Structures are given as C-alpha cells and as structure tokens.
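Every letter in the sequence shown is one number past the one before it in the working numbering, and letter 23, counting from 1, is 1126. Positions of the beta carbon are idealized from the N, C-alpha and C atoms, including for glycine. All values derive from a computational prediction rather than experimental measurement.
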Amino acid sequence: MTDVNQATQTLLGIGLYTPAEAGLLIGVRPRKLRRWLHGYQIGERHYQPLWHPQVDLGDDKVYLGFRDMLEARVASEFIEAGLSPQRVRRAIEIAQSIVGERPLSTEWLKTDGRSVFLQIANEDPEIEPQCLDLFRNQYAFARIVRESLRDIEFTDKLPNLWWPQGQRAGVLIDPHRSFGKPIEHETSVPAEQLANAAIAEGSVEHAARVWDVPVRAVKRAVAFQKQLAASALAA
C-alpha cells in the first residue's frame, strides 16, 4: 500500500494517461505514442525515444503525463507536415539544452508566421530576447504552432490547463485534478462519469439529480464524450 501511495503522490500535478487515453484526446494512434516514447527497432537499427516520458511506474509500460501529451500533439503535427521523427528529436535536443525538458509544450515556442522558434527571454528587459530557429521558412510549421498553443493556459511559460475542445465546450484538463482526466469545468466531475451516468439513468436530467449538478454540466459532458467518440471513429 505504501508503494501505491508514493506513486499516487508522485503523479499529483503530472497527470496520468495510457497511450490509448492520450491518443484519443490528441488524435494520435496509441502505437505511435508507444514508439515515440519507448523507442523501436527496424531490422538491426534501433531508434531512440523522441524524449523520456514524465511517468515511469516501473512496469515497463508506456504512460504519458500532461506535458508529454501536449508535446506529442505538436510532434505529431510536425511529422504529419513532413518532418522526420529523427529531425523532431534533434530539434527537441537542441531546445532542451536551452530551456530544459519538454520545450515543445512551453510558451517559449513561438512563430512569426514564417518560421518556428524558441524565444528565450533575458532577465534584463533592455536586452532583446534570443531566438532559436527550429525549422527555417516553413509556413506549415508556423501554422502548427499557432494551432497547438490554442486553448492552452500557461503559468510562467509552462502549460497549466488545456481545453481540448475549446473553452465553449466547457470541459478542461488540469493535471492537478483527477490525475489529468477531462473534467466538466463548473463541477470538476470527470466528464466520462457524468456522461456514463446519463446513459445509465436514461436521461441527463436524472443523471444531474444523481450527481447533484446542473443539467447543463451533464449536457456538456455528454457532448464532449460524443465528440471524442466521433473523432475516434474518424481516425
């Protein structure tokens, strides 16, 4: 029991996702996430992980933390735009040497509409910030950065909250609550639980009474889960 409690304490504020859970939220196949974060073999050639994940439960399985998931979303879109995983790894390594771990999930990631770069602020406001250009003259990468930073709230340049379907959907992901599972923002109840209750009770009104929450909260959770299911079918 002590080991379980220690593991639980370690995960507070980090989030915990299986590749299947993270893949559903960011639209990346679980198999790809496992390859990126565990490494893989093709013939006699071994490919190293793109980065080491935040979570290691000691069971030789791949898990993602909140920042792993956001970084994987950016990496996936870079690769879809034509960048090789090896080049993404190299860009991450260069950026890590300047800003530390998981640079693609920080607000240091910037775009001027033409290039993607890391903007490194100086302590002296009179000195211009340094910029590390990651991908030169690539409009597609600039678009990816803009889209990837949308609906993320930052604190001190680090991601704090994510609204995976936008704030209007009313469901957010906060690594400090419910181990990072999507929660309905007004009640903080996991969206999956509210949506399942609506199915079990036969209506959102009955589910709202059971959970003692507003009907609108259950409706938001149901809509969120339906959108996830639709995205999974379309993948």
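Cα-Cα separation between residue i and residue j, rounded to whole angstroms
| i | j | result |
| --- | --- | --- |
| Leu1173 | Lys1329 | 22 Å |
| Thr1258 | Leu1207 | 15 Å |
| Asp1236 | Ala1194 | 9 Å |
| Leu1221 | Ala1311 | 45 Å |
| Phe1200 | Ile1145 | Per the sequence shown, residue 1200 should be read as Ser rather than Phe. One C-alpha to the other measures close to 29 Å. |
| Tyr1150 | Glu1204 | 20 Å |
| Glu1289 | Leu1127 | 23 Å |
| Pro1316 | Phe1282 | Correcting the residue type first, residue 1316 is Val in the shown sequence and not Pro. Distance between the alpha carbons of Val1316 and Phe1282 is about 21 Å. |
| Leu1275 | Leu1264 | 7 Å |
| Lys1284 | Ala1332 | 16 Å |
| Val1202 | Leu1212 | 10 Å |
| Glu1210 | Ile1255 | 9 Å |
Residue i in three-state terms, based on DSSP
| i | result |
| --- | --- |
| Pro1317 | coil |
| Ala1202 | Before going further, note that residue 1202 is Val rather than Ala in the sequence given. Three-state DSSP puts Val1202 in a helix. |
| Lys1329 | helix |
| Leu1160 | coil |
| Val1307 | helix |
| Arg1312 | helix |
| Pro1278 | coil |
| Pro1267 | coil |
| Ile1117 | coil |
Selected residue, minimal CA-CA separation from residue i, among the options
| i | options | result |
| --- | --- | --- |
| Gln1189 | Arg1138, Ala1311, Pro1285 | Arg1138 |
| Leu1114 | Asp1277, Glu1196, Glu1295, Trp1154 | Asp1277 |
| Glu1250 | Tyr1166, Phe1181, Leu1119, Val1325 | Phe1181 |
| Asp1162 | Leu1186, Thr1121, Val1191, Phe1169 | Thr1121 |
| Pro1152 | Gly1118, Leu1160, Asp1159, Tyr1143 | Tyr1143 |
| Val1321 | Phe1238, Pro1293, Asn1263 | Pro1293 |
| Val1219 | Gln1157, Arg1170, Phe1238, Ile1255 | Phe1238 |
| Trp1154 | Val1191, Arg1134, Pro1133, Arg1148 | Val1191 |
| Asp1159 | Glu1256, His1141, Val1318, Arg1176 | His1141 |
Distance between beta carbons of residue j and residue i, contact taken as under 8 Å
| i | j | result |
| --- | --- | --- |
| Gly1118 | Ser1334 | With a Cβ gap of about 20 Å, Gly1118 and Ser1334 do not count as contacting. |
| Glu1287 | Arg1323 | 6 Å |
| Val1318 | Val1307 | 6 Å |
| Ala1125 | Ala1175 | 7 Å |
| Ile1247 | Ala1198 | Their Cβ separation, rounded to whole angstroms, is 15 Å, which puts Ile1247 and Ala1198 out of contact at 8 Å. |
Assigned exposure category for residue i - 16 Cβ within 10 Å defines buried
| i | result |
| --- | --- |
| Gly1168 | buried |
| Gly1270 | The residue asked about is misnamed: residue 1270 is Gln in this sequence, not Gly. Exposed is the call here. |
| Leu1261 | exposed |
| Arg1342 | Outside the modelled stretch of the chain, which goes from 1104 to 1338, sits residue 1342, for which no answer is possible. |
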